[in-house]
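Asks: First residue of the sequence shown: 1, per full-length UniProt numbering; consecutive thereafter.
All C-beta atoms in this analysis are idealised placements derived from N, C-alpha and C, irrespective of residue type, glycine included.
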Amino acid sequence: MSDLIFYTNPMSRGRVARWMLEEVGAPYETVVLDYGTTMKGPDYLAINPMGKVPAIVHNGRAVTEGAAIVAYLAEAFPEAGLAPTAAERANYYRWMFFAAGPLEAVTADKALGVAPTADQQRMVGYGSLDHVVDALEGAVKANPYIAGDRFTAADVFVGSHIAWGMQFGTLPQRDAFDAYVARIMGREAAARAREIDDALMPQPVS
1 MSDLIFYTNP MSRGRVARWM LEEVGAPYET VVLDYGTTMK GPDYLAINPM GKVPAIVHNG
61 RAVTEGAAIV AYLAEAFPEA GLAPTAAERA NYYRWMFFAA GPLEAVTADK ALGVAPTADQ
121 QRMVGYGSLD HVVDALEGAV KANPYIAGDR FTAADVFVGS HIAWGMQFGT LPQRDAFDAY
181 VARIMGREAA ARAREIDDAL MPQPVS
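#1: I'd like to know whether the C-beta atoms of A190 and W19 end up nearer to each other than 9 Å.
#2: Just verifying my parser: in three-state terms, what is the DSSP assignment at V31?
#3: Can you round the beta-carbon distance between V70 and V132 to whole angstroms, since I take them to be within the 8 Å contact cut?
#4: Kindly indicate which residue of G66, R194, P10 has the alpha-carbon position closest to the one of P202.
#5: Check each candidate in K52, L112, P27 and name the one with the smallest Cα separation from A80.
#6: Kindly indicate the opening and closing residues of the alpha helix (DSSP H) around F6.
#7: Can you check which of these residues, V16, V32, G25, L21, is closest to T8 by C-alpha distance?
#8: Identify, in the order they occur along the chain, each residue of the same chain with its Cβ nearer than 8 Å to the Cβ of S2, setting aside the five sequence neighbours on each side.
#9: Alpha helix (DSSP H) containing I56: first to last residue?
#10: Hey, G102 and Y126 are a contact pair by Cβ (cut 8 Å); roughly how many whole angstroms apart?
#11: Does DSSP put A62 in a helix, a strand or coil?
#12: Please report the Cβ distance between G51 and K40, rounded to the nearest whole angstrom; I am assuming they are in contact, meaning their Cβ atoms lie under 8 Å.
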């Protein structure tokens, strides 16, 4: 059995973890789970009681949640050079967890047609979609990459969310987002990860 096992479905946030795994370059085993069966089965629930993907098991220890997986892999494989330096650490963690918190929440609410009232905006954490988008735009304008002048693991996570948001219409089109996504999505590891996951997609019945 591999020291690094990746549990995923090609139609899930597992695509973010796949990209990070390809950036890291360490050998790993892929286990593809089905939403209605194996993802809810006892074997996988022992790894992730939420019954969702992605998850990894590295040297017998499970890690779930996309941002945690990305951050963990950056630290577990320092030779990949994707963890932050001391100078990059503030932006790295700030914006990675901004994407995992306010950005995920507000885009999910938009997709579900949930629009907090002015009074409710004080409760939901993200305030409003405009607040989140403006803050995120400022982050990608400030530097070439999220943490500074070079690509880090935070770009895998934040960049994936921006790309998906523009693709599915939960984020508005902004020039700064277009430029940032173009910078990161052309990476060899990103292209390789997309190719692997696309090949695992269900094929139409002829």
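Replies: Judging by the given coordinates:
#1: Yes, Cβ-Cβ distance for A190 and W19 is below 9 Å.
#2: Here V31 carries a strand assignment [DSSP, helix/strand/coil].
#3: Not really, about 20 Å apart at Cβ, beyond 8 Å.
#4: Ranking G66, R194, P10 by Cα distance to P202 puts P10 first.
#5: Comparing Cα-Cα distances from A80 to each of K52, L112, P27, the minimum goes to P27.
#6: Per DSSP, F6 is not a residue of any alpha helix (DSSP H); the beta strand (DSSP E) it occupies stretches across 4 to 8.
#7: It is V32.
#8: Cβ contact annotation for S2 (same chain, cutoff 8 Å, sequence separation greater than five): P27, Y28, E29, in chain order.
#9: Premise fails: I56 lies in the beta strand (DSSP E), 55 to 58, not in any alpha helix (DSSP H).
#10: The residue you asked about is not Gly; residue 102 is Pro in the sequence shown. At roughly 4 Å, the Cβ-Cβ gap stays under 8 Å, so P102 and Y126 are in contact.
#11: The three-state reading of DSSP puts A62 in strand, counting E and B together.
#12: The Cβ separation is near 5 Å, so the contact holds.
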